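Residue numbers for the sequence shown follow this note's numbering, beginning at 439 and rising by one. One structure below.
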Amino acid sequence: MLLLVLMFFFALFLTRFGVLDFLFNPNKPPTITMTTVLERIRLVSEPATVRYTYSSIIRTERDLPPILAGLYRDSLVLVAVGNVTAGIDLSKLSESDVQITDGAISISLPPPEVFDCFLDESESYVASRETGLFASPAPDFDVQARRFAVRYFRDQSLEQGILNEAQAEATKVVETLFGTLYPDMSVDATVKPQSDAIQIAETCQ
Numbered sequence: 439m440l441l442l443v444l445m446f447f448f449a450l451f452l453t454r455f456g457v458l459d460f461l462f463n464p465n466k467p468p469t470i471t472m473t474t475v476l477e478r479i480r481l482v483s484e485p486a487t488v489r490y491t492y493s494s495i496i497r498t499e500r501d502l503p504p505i506l507a508g509l510y511r512d513s514l515v516l517v518a519v520g521n522v523t524a525g526i527d528l529s530k531l532s533e534s535d536v537q538i539t540d541g542a543i544s545i546s547l548p549p550p551e552v553f554d555c556f557l558d559e560s561e562s563y564v565a566s567r568e569t570g571l572f573a574s575p576a577p578d579f580d581v582q583a584r585r586f587a588v589r590y591f592r593d594q595s596l597e598q599g600i601l602n603e604a605q606a607e608a609t610k611v612v613e614t615l616f617g618t619l620y621p622d623m624s625v626d627a628t629v630k631p632q633s634d635a636i637q638i639a640e641t642c643q
């Protein structure tokens with residue numbers, strides 16, 4: 439009698455944890471939940487970004503009439519090398535953004551945004567600084583030139599389509615990931631339209 443009771447509970451244990459189902463149906467397709475999809479997507483957040491690198495010569499000078507320029511001139515030339523990074527923040531995905539139907543996964547990604555803008559300090563430098571006979575070097579010229587360079591690189595990247603490229607990269611990464619994980623299912627990743635102003639990081643302002 440005791441043996442029968444032990445066998446009953448052992449069989450119940452195997453059923454409860456899916457052991458019997460695995461043994462008798464090893465090729466059963468995996469169960470895909472929205473939570474699983476979200477966890478997988480968030481793992482690929484970093485590869486779903488695009489970085490543009492720029493270099494430019496920035497000249498900053500005091501605005502003076504020609505007659506005073508020789509005496510009070512103050513100018514600075516900055517060789518600026520910088521980067522702009524854009525992408526899609528996959529951590530913003532919610533369960534409502536993922537739809538799972540028979541044989542298909544549909545994912546609605548957030549709009550792309552500019553993550554970061556910065557100068558490469560190892561490559562950027564002041565190439566020249568000139569002052570007139572009676573001029574003192576303005577202490578903020580260097581800072582002004584660097585800020586201008588960052589904003590210039592930001593604007594250039596937007597004009598050259600960094601957001602479109604980031605959008606294409608993110609959809610490709612997500613579709614490739616799930617196409618590999620679940621080859622028997624179709625995967626369609628789309629990007630939501632921009633509802634408000636483009637999200638741009640504080641470092642790009």
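All residues carry an ideal CB built from backbone N, CA and C; glycine is no exception. Since the structure is predicted, the reported quantities are computational estimates derived from the model, not experimental observations.
* To do: Taking ILE545 as the reference, give the member of PHE572, GLY617, PRO577, SER566 with the closest Cα.
  => In terms of CA proximity to ILE545, GLY617 leads the group PHE572, GLY617, PRO577, SER566.
* **PRO467 in three-state terms, based on DSSP** => Annotation note: pLDDT 46 at PRO467 (below 50); position unreliable, coordinate value reported separately. Under the three-state reduction of DSSP, PRO467 is assigned to coil, being neither helix nor strand.
* Could you please give me the residues that DSSP links to PHE556 through a beta bridge? => Beta-bridge pairing links PHE556 to ASN521.
* **Beta-carbon separation (whole angstroms), LEU547 vs THR614, contact threshold 8 Å** => With a Cβ gap of about 14 Å, LEU547 and THR614 do not count as contacting.
* Asked: Are ALA542 and SER624 touching if we call contact CB-CB under 8 Å?
  -> In this structure, SER624 lies closer than 8 Å to ALA542 by Cβ.
* To do: Taking only the alpha-carbon atoms, compute the straight-line gap between THR569 and ARG589 and give it to the nearest angstrom.
  => Approximately 26 Å between the Cα atoms of the pair.
* **Separation of ILE495 from ALA518, as counted between CA atoms** => When rounded, the distance between both Cα atoms is 6 Å.
* Would you call the CB atoms of ALA583 and THR498 closer than 8 Å? -> Remark: C-beta atoms of ALA583 and THR498 approach each other more closely than 8 Å.
* **Cα-Cα separation, SER633 to LEU596** => Cα-Cα distance, rounded: 17 Å.
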